[in-house]
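Reviewing the structure listed below.
Number of protein chains: 2
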Amino acid sequence: MSSPLLQQLVEALRILPGVGPKSAQRMAYHVLERDRAGAERLAGVLAEAVERIGHCERCRDFSEQPVCATCSSASRDTQLLCVVETPADRLAIEQATGYRGLYYVLQGRLSPLDGIGPAELGLERLEARLAGGGVAELIIATNPTVEGEATAHYLGQLARRHGVRPSRPAHGMPLGGELEYVDRGTLSHAFTSRSELT
Amino acid sequence: MSSPLLQQLVEALRILPGVGPKSAQRMAYHVLERDRAGAERLAGVLAEAVERIGHCERCRDFSEQPVCATCSSASRDTQLLCVVETPADRLAIEQATGYRGLYYVLQGRLSPLDGIGPAELGLERLEARLAGGGVAELIIATNPTVEGEATAHYLGQLARRHGVRPSRPAHGMPLGGELEYVDRGTLSHAFTSRSELT
């Protein structure tokens, strides 16, 4: 590459997920050839986002304000609290379902081997919230992975200790899935938790 | 999305080629969760690149200097000049071949329907260079597309007018390609330009 700065740009672009050396190069050439205004805007927004986006005090989701828009909204049902692992999970639920309660974003999952315990996930704040009353149901929407399940188990106990009803989204065959192609774990789970046809 | 600034970041990321709404979102979350330092660096390098990277006066490739490193190098063979459409093409040749001559980057191809004529590609500068003597061979490495071939034809005439020998990289079956799966145009071309087995 003829320009050291261009080389630096290609390197810097590789921090983006799913961007290897070849796509980084294509991106660098593309913005320089076609969209310098867009690149300038991206540079500005990126710097501003890194500086100003922190975490909501109440739900730990990303927010520019101390308390995010959802948590400070008057139209949400404060009796429902949904725990998710990441902001992306929260967004997926918000977009796909009609859920109108509040969220709590763990920003991770319990993983003792990686040194991630209840303190790292800010669970004392969640516990204080459950202890404070006002929450009737804790919907534990961690991922159905080994660590997600362990986290769900831990949170379930936490909820019960404070008289809050824990629940978990149903797991089973995805809609439109074909039995033949569903993975074993899911099929076995779906089979065990079968429900009566009504 | 809970933060308007996050929304802006997702929008801004979509200027990158091959990045749709879903990947832009994943990228935004990723950098905020995992790599704020990298994002800050990217923002800085991107702004600097847009501001400082221009075109080399001699070859029109990207360069921070008025004349790029290749054009000002004493170790390149100035008798050979290779014309390519884009900086990426130039890089591909530089990386794959042992070519030690100079380059000329068109930053496009002749395309009358899009209003791209010889002036838009800076061909008067290329012509001045050919007229100035010193170039023995013009290697025309435009893409084997309709427009690339038309550009090659035009450049070939230009070269001959100034007593410079024009050449074109060989076209035919790619190495490791299987006859059955090579596209018709390539196969037909390869068949017509067959050479005697020695």
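Protein sequences, first through last, are from chains A and B. To convert, note that position 147 of the first sequence is 147 in UniProt numbering; the numbers rise steadily by one, no gaps. To convert, note that position 3 of the second sequence is 3 in UniProt numbering; the numbers rise steadily by one, no gaps. C-beta atoms are modelled at their ideal positions from N, C-alpha and C, and glycine is treated no differently.
So, under 8 Å CB-CB, residue i and residue j are touching, yes? Tell me the CB distance rounded to an integer number of Å.
i	j	result
residue 43 (chain B)	residue 46 (chain A)	4 Å
residue 90 (chain B)	residue 105 (chain B)	6 Å
residue 110 (chain B)	residue 117 (chain B)	7 Å
residue 94 (chain B)	residue 108 (chain B)	Their Cβ separation, rounded to whole angstroms, is 20 Å, which puts residue 94 (chain B) and residue 108 (chain B) out of contact at 8 Å.
residue 62 (chain B)	residue 3 (chain A)	5 Å
residue 140 (chain B)	residue 5 (chain A)	With 8 Å as the limit, residue 140 (chain B) and residue 5 (chain A) do not qualify as a contact, their Cβ atoms being about 29 Å apart.
residue 25 (chain A)	residue 88 (chain B)	7 Å
residue 27 (chain B)	residue 16 (chain A)	5 Å
By alpha-carbon positions, which one of the options ends up nearest to residue i?
i	options	result
residue 14 (chain A)	B:20, B:85, B:14, B:41	B:41
residue 30 (chain B)	A:49, A:137, A:197, A:160	A:49
residue 122 (chain A)	A:194, A:55, A:22	A:55
residue 173 (chain B)	B:10, B:185, B:88, B:51	B:185
residue 162 (chain A)	A:135, A:152, A:149	A:135
residue 12 (chain A)	B:37, B:131, B:194	B:37
residue 143 (chain B)	B:164, B:124, B:170	B:170
How would you label residue i, buried or exposed, when you count the other beta carbons within 10 angstroms and need 16 or more for buried?
i	result
residue 133 (chain A)	exposed
residue 180 (chain B)	exposed
residue 85 (chain A)	buried
residue 67 (chain B)	exposed
residue 240 (chain B)	Outside the modelled stretch of chain B, which goes from 1 to 198, sits residue 240 (chain B), for which no answer is possible.
residue 148 (chain B)	buried
residue 160 (chain B)	exposed
residue 138 (chain A)	buried
residue 131 (chain B)	exposed
residue 60 (chain B)	buried
Would you report the Cα separation of residue i and residue j, rounded to the nearest angstrom?
i	j	result
residue 8 (chain A)	residue 76 (chain B)	25 Å
residue 146 (chain A)	residue 32 (chain B)	25 Å
residue 154 (chain A)	residue 39 (chain A)	45 Å
residue 168 (chain A)	residue 176 (chain A)	22 Å
residue 166 (chain A)	residue 23 (chain B)	33 Å
residue 157 (chain A)	residue 51 (chain A)	37 Å
residue 18 (chain B)	residue 151 (chain B)	28 Å
residue 70 (chain A)	residue 58 (chain A)	10 Å
residue 92 (chain A)	residue 72 (chain A)	20 Å
residue 193 (chain B)	residue 34 (chain B)	54 Å
residue 164 (chain A)	residue 124 (chain A)	15 Å
residue 21 (chain B)	residue 115 (chain B)	32 Å
residue 182 (chain B)	residue 195 (chain B)	18 Å
residue 113 (chain A)	residue 189 (chain A)	26 Å
residue 10 (chain B)	residue 178 (chain A)	34 Å
Could you tell me if the beta carbon of residue i falls within a distance shorter than 6 Å of some heavy atom in the ligand FAD?
i	result
residue 93 (chain B)	Looking at this structure, you won't find the ligand FAD or any other ligand, since it has none at all.
*Cβ contact check for the segment 101-119 of chain A and the segment 78-89 of chain A: 3 or more pairs under 8 Å*: By the C-beta criterion, the segment 101-119 of chain A is judged to be in contact with the segment 78-89 of chain A, since at least 3 inter-stretch pairs fall below 8 Å.
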